[in-house]
Amino acid sequence: MALLLLSLGLSLVSAQELNPRAIVRKSYDMAKVSGVWYSVSMASDDMKRIEENGDLRVFIRNIESLKDGGLRFHFLFMCVPPVSARTGEDGCPSLPHPVEREGRAAPWGRAWGAGRLPDITPAGFRVHGECVQVAMVCERTERDGEYAVSYEGDNKVFLLETDYKLYITFHLRNIRNGTDTNVLALYGRVPNLSPSFLNRFEKVCRKYGLGPQNIISLSNQNTCFKYKK
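For the sequence shown, the residue numbers in mature numbering (1 follows the signal peptide of the UniProt record, and there is no 0) are -15 to -1, 1 to 214.
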């Protein structure tokens, strides 16, 4: 029995190790990308945007591949009260289109609009210090694995690589007021990935001039986790 349990344990560990032969970098099957994902790590050349209260610090819940070729990302976002230069009031500006909130679905627009965050209640009320669900639709471009969306500027989203079963890596390029910001995100099918995936992500980040000092772990940072469905 002990030998059987040991064998099972080793099999589970092996199943969660990165398999280089399974990595896909082009000609993506986007239907296989759909489903539940967890935020594992992020990296950026502008750390304040992905650190706590950063406008690009979001926690993935789900990705949907749409019939028109686009992608719908479902995120958890912490709406916080600090004063924001963007609104002059607080960190939770609203938009006329309602979005998901705490598991209740509502219609949303195709994009949020540059420089604005999504509305977080159907009535447009601001919510402070609460986890809210938001959905973002990225339009497919003519290039494989490339998508476009307006949020806090003009954005291109690139699918860099995935094995479909355990991990996926995205690159977001944001241009706002002439400033170019790059963000890389590692998502996993499980909340925590083995070091082999983290090392792989670090290697990918280096290609974009991002070192260990530019990478943050999100595996144990999601204060919105209890809301995740």
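Glycine included, each C-beta is placed from N, C-alpha and C at the ideal position.
Quiz item: Which residues in the same chain have their Cβ closer than 6 Å to the Cβ of K17, if we skip the five residues on either side of it in sequence?
Solution: Y149
Quiz item: Would you report the Cα separation of C116 and N199, rounded to the nearest angstrom?
Solution: 25 Å
Quiz item: Looking at C-alpha atoms only, which residue of L171, R57 and V189 is the closest neighbour of V122?
Solution: Looking at L171, R57 and V189, the one whose alpha-carbon comes closest to that of V122 is R57.
Practice problem: Can you grab the Cα-Cα spacing for the pair I4 / L183, in whole Å? | Solution: It should be noted that the sequence gives Asn, not Ile, for residue 4. Approximately 13 Å between the Cα atoms of the pair.
Quiz prompt | Runs of beta strand (DSSP E) wholly within the segment 111 to 141 (minimum 3 residues, chain order) | solution = Counting whole runs of 3 or more residues, the segment 111 to 141 contains the beta strand (DSSP E) stretches 115 to 125 and 131 to 135.
Exercise. For the alpha helix (DSSP H) holding V189, just list the boundary residues, first then last.
Key: The continuous alpha helix (DSSP H) containing V189 extends over residues P180 to R191.
Quiz item: Residue range of the beta strand (DSSP E) that G55 falls in?
Solution: G55 -> no beta strand (DSSP E), and no H or E assigned at all.
Quiz item: What residues are listed by DSSP as bridge partners for D165?
Solution: I160
Quiz item: Are the CB atoms of R34 and V168 nearer to each other than 9 Å?
Solution: yes
Quiz item: From what residue to what residue does the beta strand (DSSP E) around residue 215 run?
Solution: Because the chain spans -15 through 214 in this model, residue 215 falls outside it and cannot be assessed.
Quiz item: By how many angstroms is the C-alpha of R42 removed from the C-alpha of E36?
Solution: 6 Å
Practice problem: Starting from the Cα of I160, find the closest Cα among Q118, S135, D129 and N177 and give me that residue. | Solution: S135
Self-check item: Reduced DSSP category for R46 - H, G, I as helix; E, B as strand; rest coil
Solution: strand
Quiz prompt | Proximity to H156 [Cα-Cα], best of V21, R10, E2 and Q118 | solution = R10
Quiz item: For R158 versus N177, is the C-beta distance shorter than 9 Å?
Solution: no
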